[in-house]
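**Student:** I'd like to ask some things about the structure below.
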Amino acid sequence: MSISSSGYGARVSITNLKASRPKRLGQGLQELHKIDVQSLDMRLTSQSTTVMLRQSTFKQLPRSFGSAAKAATRTPASRRTFLSPPRSQPNEHLNRLDVNKLSEQQLKYARNRRAFLWTGLFCSVSSMIYVGYLIKLELKKPVHADSSLPSTDPLAGTNAAERKVVMRDEKGHELVPTGNSTVPTFPRTLELGSFEGAIAPGPSASGLAPTITGPDQTEYTLVGFGLRTVTFIGIQVYVVGYYVATADVASLQSALTKKVNPIATTLVAGERDQLRTDLLDPAKGEEIWDGLLANGIPARSVFRVIPVRDTDFHHLRDGFVRAIQARAGKVGDEQFGEAMKDFRQIFNRGKVPAKQELLLIRDGEGKLSVVYDDGGNKKEGRPAGRQLVGTVDDERVSRALWLNYLAGKKVASEPARKSIVEGIMEFVERPVGTIAAQVV
Numbered sequence: 001m002s003i004s005s006s007g008y009g010a011r012v013s014i015t016n017l018k019a020s021r022p023k024r025l026g027q028g029l030q031e032l033h034k035i036d037v038q039s040l041d042m043r044l045t046s047q048s049t050t051v052m053l054r055q056s057t058f059k060q061l062p063r064s065f066g067s068a069a070k071a072a073t074r075t076p077a078s079r080r081t082f083l084s085p086p087r088s089q090p091n092e093h094l095n096r097l098d099v100n101k102l103s104e105q106q107l108k109y110a111r112n113r114r115a116f117l118w119t120g121l122f123c124s125v126s127s128m129i130y131v132g133y134l135i136k137l138e139l140k141k142p143v144h145a146d147s148s149l150p151s152t153d154p155l156a157g158t159n160a161a162e163r164k165v166v167m168r169d170e171k172g173h174e175l176v177p178t179g180n181s182t183v184p185t186f187p188r189t190l191e192l193g194s195f196e197g198a199i200a201p202g203p204s205a206s207g208l209a210p211t212i213t214g215p216d217q218t219e220y221t222l223v224g225f226g227l228r229t230v231t232f233i234g235i236q237v238y239v240v241g242y243y244v245a246t247a248d249v250a251s252l253q254s255a256l257t258k259k260v261n262p263i264a265t266t267l268v269a270g271e272r273d274q275l276r277t278d279l280l281d282p283a284k285g286e287e288i289w290d291g292l293l294a295n296g297i298p299a300r301s302v303f304r305v306i307p308v309r310d311t312d313f314h315h316l317r318d319g320f321v322r323a324i325q326a327r328a329g330k331v332g333d334e335q336f337g338e339a340m341k342d343f344r345q346i347f348n349r350g351k352v353p354a355k356q357e358l359l360l361i362r363d364g365e366g367k368l369s370v371v372y373d374d375g376g377n378k379k380e381g382r383p384a385g386r387q388l389v390g391t392v393d394d395e396r397v398s399r400a401l402w403l404n405y406l407a408g409k410k411v412a413s414e415p416a417r418k419s420i421v422e423g424i425m426e427f428v429e430r431p432v433g434t435i436a437a438q439v440v
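For the sequence shown, the tail end lands on 440 under the UniProt record's numbering, and the numbers increase by one without skipping.
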């Protein structure tokens, strides 16, 4: 007999039972019975174990034990909030090693660095040039030296800083800054001779004839100046300056002083303020200057006109004619009409470039002379210098033209009128006949 068993029971096979062995038959049956009982017990035991220990149970045991072990050793993971950066991917560091991207970043850095360096160089050079320009302007300004003047000296007054500043050029000529970039200075004095030989008006300024000047030169002293502007945006036209013959300053001093105080030879501070107010008043100022000019005071004076932009005689003529007609009022006799015709004919010419000098001269009899310096023309054989353009004998024409700058409700240049009034104040604050020509 042979016995074989497998996982859940036993199987018994009986072979080769020999009939010749009856004694062993009983023993075999007993043994077989024992084996069957044992096999039955083993089967029951294996069935109960199979029920308790299923395959899914065995699979869950290591997973649960492994999860617990990992939970015990793992650190709490931080949750991502709204402002927290995204979690890095495992290959993020490898993505940063992109050669093309690194090359592009390097080129961008080099380009920005080069632009920054060029910008710094440009700013440095520009600042040095600008600082040098400012230093040059400061060096050109006149030097004001301190002095211990007595309180009675006019230069020690409260308005001393508002007086004209006088400086000298390379040739020693005294100049007064105008504050204009095109016409930066005006001469403090003018030396003019007697102009004769009026020329016939031509189609252009090239028709100027030679000027005959007398041997005697008359010195004119600058009283005031200003800039003429037109339209509401203030287009600059020309700079005009008012000059009075140095020898005639004393008569102007005396006449203006007598207007305020008939027995005085100079005016004190309160009287000067009263005269300033009267001269700046449209009605009183026009009355004062009209009376002075009608009486030939000052006897000789000049208005110096320097254009700041290219213009022509026709534009200047139109402005002058409107001013004369507005001041002349109802004067309309034949003589005045002929004088205005002559005045228009003088300006029937061509262009007037910027910075070219035009002089309006009034002599002791009120005759008006127009003198122009066009700079000369070598091709035409015309030398540079002041040339006489024409004259007008009627005194009323020059008087009306002078009032256009000196007084009235509307003047050609308000800065010029205020500057002229301040120049007059510098005259009347000194005794009549003393240092009348000095304009500080």
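Here a beta-carbon is modelled for each residue, glycine too, at the ideal position from N, C-alpha and C.
1. Rounding to the nearest angstrom, what Cα-Cα distance links ILE420 and THR391 in this structure?
2. Considering only the beta carbon of each residue, do ARG304 and VAL260 sit closer than 9 Å?
3. What residue range is occupied by the uninterrupted beta strand (DSSP E) comprising THR221?
4. What are the boundary residues of the alpha helix (DSSP H) that includes GLU174?
5. For the segment 282-319, which segments carrying the beta strand (DSSP E) assignment without a break, of at least 3 residues, lie completely within its bounds, in sequence order?
6. Relative to the alpha-carbon of LEU222, which residue among GLY408, GLY172, ASP248 has its alpha-carbon at the smallest distance?
7. For the putative contact between LEU275 and VAL432, defined by C-beta atoms under 8 Å, what is the C-beta separation to the nearest angstrom?
8. Helix, strand or coil for PHE347 per DSSP?
9. Quick check: what's the CA-CA separation for ARG349 versus THR266?
10. Exposed or buried, which one is ILE324 when buried takes at least 16 other CB atoms within 10 Å?
11. Please confirm whether LEU403 and TYR242 have their CB atoms less than 9 Å apart.
12. Classify ALA384 as helix, strand or coil using the three-state DSSP reduction.
13. Rounded to a whole number of angstroms, what is the C-alpha to C-alpha distance between MET167 and THR246?
14. Take LEU175 as the anchor and find which of PRO184, SER181, THR182, ARG188 has the nearest alpha-carbon.
15. Based on Cα-Cα distance, which residue from VAL397, GLU271, GLN356 lies nearest to ASP373?
16. Could you tell me the alpha carbon to alpha carbon distance between LEU359 and VAL302, rounded to whole angstroms?
17. By a C-beta neighbour count over all protein chains shown, 10 Å radius and 16 as the cutoff for buried, is TYR109 buried or exposed?
18. With DSSP collapsed to three states, give me the class of TYR374.
19. Within 10 angstroms of the Cβ of residue 442, are there 16 or more other Cβ atoms? Answer buried if so, exposed if not.
20. Quick one: Cα of ALA294 to Cα of LYS418, how far?
21. I need the boundaries of the beta strand (DSSP E) containing VAL237, first residue and last residue.
22. Got a sec? Which residues, its chain only, sit under 7 Å from ARG272 by beta carbon, not counting five neighbours each side?
23. Can you give me the C-alpha to C-alpha distance between GLU422 and GLN236, rounded to a whole angstrom?
24. Is ARG430 helix, strand or coil by DSSP?
25. Is the distance from the Cβ of ARG386 to the Cβ of PHE186 below 9 Å?
26. Opposite THR185 in the DSSP bridges: which residues?
27. Rank ARG327, GLU334, ALA416, GLY364 by C-alpha distance to the C-alpha of VAL397 and give the top, closest one.
28. For SER124, count neighbouring C-beta atoms within 10 Å of its own C-beta (all shown protein chains included) and say buried if the count is 16 or more, exposed if not.
29. Starting from GLU357, trace the beta strand (DSSP E) both ways and give me its first and last residue.
30. Looking at the structure shown, is GLU365 part of a helix, part of a strand, or coil, going by DSSP?
31. Using 9 Å as the threshold, is the C-beta distance between GLY291 and GLY364 below it?
32. Where do the ends of the alpha helix (DSSP H) carrying SER194 lie?
33. Exposed or buried, LEU216, counting other C-beta atoms within 10 Å across all chains shown (16 or more means buried)?
34. Are the Cβ atoms of residue 446 and VAL371 separated by less than 9 Å?
35. The alpha helix (DSSP H) that contains ASP273, what's its start and end?
36. Spatial neighbours of VAL244 within its chain, please: C-beta separation below 7 Å, excluding the five flanking residues on both sides.
**Tutor:** In short, the structure shows the following:
1. Numbered from its first residue, the sequence shown carries residue 420 at position 420. Numbered from its first residue, the sequence shown carries residue 391 at position 391. Between ILE420 and THR391, the C-alpha separation is close to 25 Å.
2. Position 304 of the sequence shown, counting from 1, holds the residue named residue 304. Position 260 of the sequence shown, counting from 1, holds the residue named residue 260. No, the Cβ-Cβ distance between ARG304 and VAL260 is not below 9 Å.
3. To locate residue 221, count along the sequence shown from 1; it is residue 221. Element bounds for THR221: 218-230.
4. In the sequence shown, counting from the first residue as 1, residue 174 sits at position 174. Where GLU174 is concerned, there is no enclosing alpha helix (DSSP H), although the beta strand (DSSP E) it sits in stretches over 174-177.
5. 301-307
6. Counting from 1 along the sequence shown, the entry for residue 222 is found at position 222. Selected option, being the one with the closest Cα: ASP248.
7. In the sequence shown, counting from the first residue as 1, residue 275 sits at position 275. In the sequence shown, counting from the first residue as 1, residue 432 sits at position 432. That belief does not hold up - the Cβ atoms of LEU275 and VAL432 are roughly 14 Å apart, past 8 Å.
8. The residue you call residue 347 lines up with position 347 of the sequence shown. Here PHE347 sits in coil by DSSP.
9. Along the sequence shown, one-based indexing puts residue 349 at 349. Along the sequence shown, one-based indexing puts residue 266 at 266. Taking the straight line joining both Cα atoms gives about 46 Å.
10. Working through the sequence shown from its first residue, we reach residue 324 at position 324. Classification for ILE324: buried.
11. Within the sequence shown, numbered from 1, the residue matching residue 403 stands at position 403. Within the sequence shown, numbered from 1, the residue matching residue 242 stands at position 242. Not in contact: LEU403 and TYR242 (Cβ atoms no closer than 9 Å).
12. In the sequence shown, counting from the first residue as 1, residue 384 sits at position 384. Note: ALA384 maps to coil in three-state DSSP.
13. Numbered from its first residue, the sequence shown carries residue 167 at position 167. Numbered from its first residue, the sequence shown carries residue 246 at position 246. Whole-angstrom Cα-Cα distance: 19 Å.
14. Stepping through the sequence shown from its first residue, residue 175 is reached at position 175. Of the listed residues, the one whose Cα sits closest to LEU175 is ARG188.
15. Reading the sequence shown from its first residue, position 373 is the one you call residue 373. The shortest Cα separation from ASP373 among VAL397, GLU271, GLN356 belongs to GLN356.
16. Here residue 359 corresponds to residue number 359 of the sequence shown, with the count starting at 1. Here residue 302 corresponds to residue number 302 of the sequence shown, with the count starting at 1. Distance between the alpha carbons of LEU359 and VAL302: 7 Å.
17. If you number the sequence shown from 1, residue 109 lands on position 109. Under this definition TYR109 is an exposed residue.
18. The residue given as residue 374 occupies position 374 in the sequence shown. Tyr is not the amino acid found at residue 374; the sequence shown has Asp there. In the structure shown, ASP374 sits in coil (DSSP, three-state: anything other than H, G, I, E or B).
19. Nothing can be reported for residue 442, as the shown portion of the chain is limited to 1 through 440.
20. The residue you call residue 294 lines up with position 294 of the sequence shown. The residue you call residue 418 lines up with position 418 of the sequence shown. Taking the straight line from one Cα to the other gives about 22 Å.
21. In the sequence shown, counting from the first residue as 1, residue 237 sits at position 237. From DSSP, the beta strand (DSSP E) with VAL237 extends over 235-245.
22. For the purposes of this step, residue 272 is identified with residue 272 of the sequence shown, where counting begins at 1. Result list for ARG272: MET425, VAL428, GLU429, in chain order.
23. Position 422 of the sequence shown, counted from the start, is the residue given in the question as residue 422. Position 236 of the sequence shown, counted from the start, is the residue given in the question as residue 236. Answer to the nearest angstrom: the Cα atoms are 23 Å apart.
24. In the sequence shown, the residue the question calls residue 430 occupies position 430. Note: ARG430 maps to coil in three-state DSSP.
25. The sequence position of residue 386 within the sequence shown is 386, counting from 1. The sequence position of residue 186 within the sequence shown is 186, counting from 1. Not in contact: ARG386 and PHE186 (Cβ atoms no closer than 9 Å).
26. Indexing the sequence shown from 1 puts residue 185 at position 185. DSSP, once it has assigned bridges, lists PRO177 as partnering THR185.
27. Position 397 of the sequence shown, counting from 1, holds the residue named residue 397. If we check each option's Cα against that of VAL397, ARG327 comes out closest.
28. Here the question's residue 124 lines up with position 124 in the sequence shown. Label assigned to SER124: exposed.
29. Along the sequence shown, read from residue 1 onward, the residue named residue 357 stands at position 357. Counting along the chain, the beta strand (DSSP E) containing GLU357 begins and ends at 357-362.
30. Here residue 365 refers to the residue found at position 365 of the sequence shown. Note: GLU365 maps to coil in three-state DSSP.
31. For the purposes of this step, residue 291 is taken as residue 291 along the sequence shown, with counting starting at 1. For the purposes of this step, residue 364 is taken as residue 364 along the sequence shown, with counting starting at 1. Going by C-beta atoms, GLY291 is not nearer than 9 Å to GLY364.
32. Working through the sequence shown from its first residue, we reach residue 194 at position 194. From DSSP, SER194 is part of no alpha helix (DSSP H); its letter is neither H nor E.
33. Along the sequence shown, read from residue 1 onward, the residue named residue 216 stands at position 216. First, the residue type needs correcting, since residue 216 is Asp and not Leu in the sequence shown. The residue is exposed, with fewer than 16 neighbouring Cβ atoms inside 10 Å.
34. Given that the chain is displayed from residue 1 to residue 440, the structure contains no residue 446 and the question cannot be resolved.
35. In the sequence shown, the residue the question calls residue 273 occupies position 273. That run of the alpha helix (DSSP H) goes 269-280.
36. As a first step, residue 244 is located in the sequence shown; it is residue number 244 there, counting from the start. Cβ within range, chain order: TYR220, THR221, VAL223, LEU252, PRO298, SER301.
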